[in-house]
Amino acid sequence: MKPRENSLLPLEDAREAALFFVVGALCFLAALAALSAKSTYGAARAWTAEVEGEYTVSLSGADASAADAAARLLAGLEGVEAARAFSDAEINALLEPNFGKSGLPADLPVPRLIAVTGAAEAGDIGAKISTALHGAGYDAAVDAHAEWAGDVRHMLSISRIAALSIVALLSATAIAVIAFATHAALLARRDIVDVLHVAGAKDRFIAGLFERRFWLLGLRAGTVGALVALASVAVLIAMGRSGADRTGLLPQLSLDFPDLAVLVVTPVIAGLAARLAAGITVMRSLRSVM
Amino acid sequence: MTQLRPDMFEEAAVRLDGVSLRYDSSEEILSGIDLVLKPGSFSFLTGASGAGKSSLLKLLYLAQPPSRGEVSLFGRPTSRLSRDELSAMRRRVGVVFQEFRLLSHLTAYENVALPLRVMGRKESQYRRDVEELLSWVGLGERLHERPETLSGGEQQRVAIARAVVTQPNLLIADEPTGNVDPDMAARLMRLFYELNKRLGTTVVIATHDLGLIRQIDAPVYRLADGMLVQENGEATATARRRTDPLRAMP
């Protein structure tokens, strides 16, 4: 039986194995950074949507029944969608980190809390709530969550920009590494290029050999990097779920369709970047000979 | 076999007009060389080591542009050709390198088929030709062996088969019989002769083998001090020789 015809370029050597590792590692980091950026963005959007229009009213010197009456008063106000007084159990749960599970000392004066949700498009109703409560004789303080949501939004947008910058930096690094490696591979295989050149191969033909080689290298290395990133995310998700009540405001990694799309696209981008870098490098190099 | 075509004789196969060559700022290796080789001619190029034979051959197989002057192949000044046209021109030239330049990761069969793959031919179109050619040079049983397992002479035969497999218009060979025994040398020279006679291939052979040169009635060009001097025959190589160049070969 006739052996299968070999590629005009030799099989991978140690240099390409090292390049495979580097590209794979860069793709892993890039994929992870992209997923983090997306999760940060999603967390910021979800969290700010949650706190927009949310108010917490604290009533000093009021008991539970007074708090319920105040909540009913607020629920009747124009622009208020819902108002609900916190139960003792809920207040104890909020203070548990400070006072432990034994609950509050009986003689400690604790304000009653009312959670108020503004109606959509109602705008800032903090002043209206305050006026209504003071008018009814309550000693009340109104906290609009949106006042400090801006700071959190700002912080998350900085995190998002940082993650995107890391993605861009890693991508640029991968392309530069591939371009450098392609050039080195070309120099190492100068004899092959010369023979092909003298045999009448067009520049495009020779470049095509290197493009195919590096496209496959980028694709395979990117796939490995993306799979490792997928495994890492899965582990982080599992760890996050095991401590779900303590994850706070940290961005939650997920594996929904856009996340999987990022993982699928990563090897393709790596392959295309490798192919482009190889093509440009080889064509430039060939232009220097007759 | 391809028949000689009238257009083959219309222009010189090789024409050098005032060609000089220097690398970077070094002294000129070749100085003001004029040469006309008509289609179908058979010529020898000789000269001492370092005289510039390989450099002159590089100009002929379009691996190097001259520093001055013009190299024309088949009636076309190569300095005016686009890169794609240069590639197409190179496909009409077969080259046997002194150091063979076989690709070590390819088998003998694949090395010979390389120019055909470059030309875009399908393996089904060339398989038999390549196998027959390798059999002809005595390597029919070693088709799928790599160069490292072949002797120097066998590698040289593979290199020659690769150079002639496309039936080029111009064949350039640098010491093509340097590593083979006399019988094989005669056999290879017969191959060059057949190409020259039957296909009208213009053949230029660079060699130190004065015995070979003396036995063949063909123009001999000697390179010395960067100049090219014709040692015998006509002022330029003629289209057809009047005698069989291999009449004295064993």
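Residue numbers (this note's numbering), protein chains in the order written: chain B, 94 to 383; chain D, 375 to 624. Each residue gets a CB set at the ideal place from its N, CA and C atoms; glycine is no exception.
- In terms of Cα proximity to L569/D, the closest of N553/D, E459/D and V467/D is V467/D.
- For G372/B, there are no C-beta contacts with chain D under 9 angstroms, since the nearest C-beta of that chain is about 15 angstroms from it.
- The C-beta of D503/D comes no closer than 9 angstroms to any C-beta of chain B.
- For the stretch 269-294 of chain B, the residues whose beta carbon sits under 8 angstroms from a beta carbon of chain D are, in order, D284, I285, D287, V288, L289, H290, V291, A292, G293 and A294.
- For A269/B, the closest C-alpha among the options A366/B, D217/B and D349/B is that of A366/B.
- The Cβ of F298/B sits closer than 9 angstroms to at least one Cβ of chain D.
- Among the CB atoms of chain D, one or more fall inside 9 angstroms of the CB of V382/B.
- If you look at E444/D, you'll find it in the beta strand (DSSP E) that goes R442 to L447.
- Contact annotation: R491/D and L447/D have beta-carbon atoms that are not nearer than 9 angstroms.
- Annotation for L404/D: V393, S394, L395, G426, S429, L430 and G600 place their beta carbon closer than 7 angstroms to its own, counting only its chain and skipping 5 residues before and after.
- The stretch 181-238 of chain B contains, as complete alpha helix (DSSP H) runs of 4+ residues, the segments 181-192 and 219-228 (chain order).
- For F418/D, there is no enclosing alpha helix (DSSP H); the enclosing beta strand (DSSP E) covers residues F416 to G421.
- DSSP, read as helix, strand or coil, puts Q589/D in helix.
- Under the three-state reduction of DSSP output, M601/D falls in the strand class.
- The continuous stretches of beta strand (DSSP E) do not include L433/D, which lies in the alpha helix (DSSP H) extending over residues K427 to L434.
- For the options L197/B, A233/B and A126/B, the alpha carbon positioned closest to that of L167/B is the one of A233/B.
- R465/D is the residue among A547/D, R465/D, E506/D and M493/D whose C-alpha sits nearest the C-alpha of V291/B.
- Between the stretch 168-175 of chain B and the stretch 248-258 of chain B there are fewer than three C-beta pairs closer than 8 angstroms, too few to call the two in contact.
- DSSP places T374/B within a helical segment (H, G or I) once states are collapsed to three.
- When C-alpha distances from V382/B are compared across V286/B, L122/B, G216/B and G230/B, the shortest belongs to V286/B.
- Within chain B, no residue has its beta carbon less than 8 angstroms from that of A580/D; the closest one is some 15 angstroms off.
- In the three-state scheme derived from DSSP, where H, G and I count as helix and E and B as strand, R457/D is classed as helix.
- In the three-state reduction of the DSSP assignment, V382/B falls in the coil class.
- Taking a 10 Å sphere around the C-beta of G318/B, we find 16 or more other C-beta atoms and assign the residue as buried.
- Within its own chain, the residues whose Cβ lies closer than 8 angstroms to the Cβ of V203/B, once the five positions on either side in sequence are excluded, are I184, L188 and L197, listed in chain order.
- In the DSSP assignment, T149/B is bridged to A208/B and D236/B.
- Per DSSP, V554/D is not a residue of any beta strand (DSSP E), being assigned neither H nor E.
- Excluding the 5 residues flanking it on each side, L323/B has same chain C-beta neighbours closer than 7 angstroms at L356, in chain order.
- At least one beta carbon of chain D lies nearer than 9 angstroms to the beta carbon of P103/B.
- Contact of S461/D with chain B by beta-carbon distance below 7 angstroms involves G293, A294 and K295.
- Contact with chain B is found for D458/D, since one of that chain's Cβ atoms lies less than 9 angstroms from the residue's Cβ.
- Close to P439/D, with beta-carbon spacing below 8 angstroms, are these residues of chain B in chain order: M383.
- Annotated three-state conformation of G311/B is helix, per DSSP.
- When DSSP states are grouped into helix, strand and coil, D352/B belongs to the helix group.
- Secondary structure at Y595/D: strand, using DSSP grouped into helix, strand and coil.
- In the displayed model, S525/D falls within coil according to three-state DSSP, outside both helix and strand.
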